[in-house]
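So the structure is just underneath, and the comments pick up after that.
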Amino acid sequence: MYKIKIVKEVEPVKWDNELIKGDYSTFFQTAEYLFSESRDERFPIFIYIVDENERIRGQLGLIIRNPINLYSSVIFRKFGKILSKLGSKGIWVSGPIIHTIDERERTEILRKIIESLDSIAREYNLILIDGYSPPQDLLIDKNYLGEFRKNNYHVEEFVTLATNLDKNIEELWNNVTKKSRGDVKRAEKRNIRVKTLEEYSEVIDYFKLGKEWAETKGIKMINLTERAQKYWNYYKTGIEKIFLAYDGDELISGLRLGCFNGIAYTHEVLNSYSRPTNLGGTLLTWWALKWAKDFGLRIYDFSGGLAPPKNSIDKKYHEQWDSLFSYKKKWGGSEFPYYHLIKIQKKRSHKILRALGRLDWSYRNYKKRRRARPIKSINDDEEIEKVFRIE
54 MYKIKIVKEV EPVKWDNELI KGDYSTFFQT AEYLFSESRD ERFPIFIYIV
104 DENERIRGQL GLIIRNPINL YSSVIFRKFG KILSKLGSKG IWVSGPIIHT
154 IDERERTEIL RKIIESLDSI AREYNLILID GYSPPQDLLI DKNYLGEFRK
204 NNYHVEEFVT LATNLDKNIE ELWNNVTKKS RGDVKRAEKR NIRVKTLEEY
254 SEVIDYFKLG KEWAETKGIK MINLTERAQK YWNYYKTGIE KIFLAYDGDE
304 LISGLRLGCF NGIAYTHEVL NSYSRPTNLG GTLLTWWALK WAKDFGLRIY
354 DFSGGLAPPK NSIDKKYHEQ WDSLFSYKKK WGGSEFPYYH LIKIQKKRSH
404 KILRALGRLD WSYRNYKKRR RARPIKSIND DEEIEKVFRI E
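Quick note: the sequence shown uses this note's numbering, first residue 54, plus one each step.
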């Protein structure tokens, strides 16, 4: 009944127009975002599932990339070509998108998507397939997840924090913690200035802010100008917004927001700690929330991470989770589950890369301890996960 189509090129408008037929698709699955992520040995693949009338019933966009991640040290990157012989990775975020609410049809379409992923894994010599389900897909249940488990996927429960923007601005404000409301007011009294990124020079400034953060992690960002130019071209599509906070003439914070299909998603918040206290990130989060409301979006997703443990036995782990989400919890979002789906295709190659990745991580931690930390991201703890999972 259903057929698979796998392509490397799509017309962005047509692909996106199909995506928005599902009310839970986010900017991560747009053609613009996926093409913006392509670079050396890194490119998107697009999966269509069509019915007998050639109507699109399912979609999934993923990135095929070499096993060396963005956060690797320069030393580790030098072995990139050698390590790439071990295989590649296939990664996706916030998919698949299935265009039906009928449970039987959803299952059949999902099976075709899983089948197509296996085909891609064979063709591109994938070490592993690594994906995240859409947090706003409320029809995901144990049967849906069971289809992945039957095909040897490991399933981890994650949770995101999101708020419905049909609330009035006073209700959104009252849902923010008292301390955060106070921080927003203090930032305004300090005359911290907020603006939307509008010029290429501001992209450069934002990337420099990110570069400083990377250096505190022992990471050297390369090809900064080239990456900034590519991002600027993508930014002009309107799929993302960046808000900047200035104390006087100094850029002290930046917030990167994905915007698609009525859903805003906090992609990154960076704060410079060149000043004793920096309230720029807090002010930007409230600013972005108001902007999304005024712009007519439906949902604001503050982003998420691993779900808390089901019991209190592992108290230390629970405290780590609570710390990770403490910032995001300030903004009054409700918890929504989503799932990390991992299938290891080549166990030996994966073990080698994991071992080397840990060595690389230790080396960068050593480099990090040798320098001061002028900048911190609210997603710092999540970068540990990215090293081994997404990036």
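Every residue gets a Cβ at the ideal spot worked out from N, C-alpha and C, and that includes glycine.
Environment of residue i [buried if 16+ CB atoms lie within 10 Å]
i	result
G301	exposed
H207	exposed
D155	exposed
V60	exposed
P187	buried
T330	exposed
N106	exposed
T278	exposed
F378	buried
E71	buried
D194	exposed
F412	It is worth fixing the name first, because residue 412 is Leu in this sequence and not Phe. The residue in question, L412, is exposed, as its Cβ has fewer than 16 Cβ neighbours within 10 Å.
I73	exposed
S172	exposed
R110	buried
K242	exposed
P396	In the sequence under discussion, the amino acid at residue 396 is Lys, which differs from the Pro named in the question. By the neighbour-count rule (16 or more Cβ atoms within 10 Å), K396 is buried.
I275	exposed
R407	exposed
R108	exposed
E62	exposed
Residue i and residue j closer than 8 angstroms at C-beta
i	j	result
P149	Q189	no
L297	L250	yes
I316	L350	yes
I102	I57	yes
G140	L179	yes
L214	G357	yes
L323	W266	yes
L87	Q398	no
L262	S325	yes
D200	R175	With the sequence shown as reference, residue 200 is identified as Glu, and Asp is not the correct amino acid for it. Contact flag unset, no.
I222	K67	no
A240	L332	yes
T319	F260	no
L359	E209	yes
I100	I166	yes
Nearest to residue i (by Cα), restricted to the options the options
i	options	result
G311	V208, G357, L198 and T79	T79
E252	W266, E224, R159 and Q282	Q282
Y55	Y86, I151, N244 and G358	I151
I220	D76, R411, M274 and Y353	Position check: residue 220 holds Lys in this sequence, whereas Ile was assumed. Ranking D76, R411, M274 and Y353 by Cα distance to K220 puts Y353 first.
D76	K399, F313, Y318 and A408	F313
F211	G184, T269, L115 and N217	G184
E161	K383, D104 and E241	D104
G334	E279, L412, K238 and I222	K238
D30	E268, K74, L406 and I116	The structure shown does not extend to residue 30, since the chain spans only 54 to 444, so no value can be given for it.
D236	Y380, K74 and E71	Y380
V247	I295, F201 and I405	I295
E224	V63, F348 and W339	W339
K400	M274, L412, N205 and Y299	N205
R118	I272, E209 and K142	K142
L394	K404, K203, R95 and Y318	K203
Y299	I257, I245 and M274	I245
V146	I405, S169, S402 and Y391	Y391
W344	K242, E321 and L218	L218
R280	L406, E90, A360 and E209	E90
R157	N196, S169 and L170	N196
Y284	R234, I257 and T269	I257
R95	K264, S169 and Y177	Y177
L170	R159, I144 and F389	I144
Segments of 4+ residues assigned as alpha helix (DSSP H) that fall wholly inside the region 294-374: 333-347
Runs of beta strand (DSSP E) wholly within the region 184-232 (minimum 3 residues, chain order): 207-217
Sufficient close CB pairs (3 or more, under 8 angstroms) joining the region 79-93 to the region 281-295: yes
Meets three-Cβ-pair contact criterion under 8 angstroms: the region 382-392 and the region 217-231: yes
Continuous beta strand (DSSP E) assignments of at least 3 residues falling wholly in the region 230-291: 246-249
Residue ranges of each beta strand (DSSP E) within the region 59-100, 3 or longer: none
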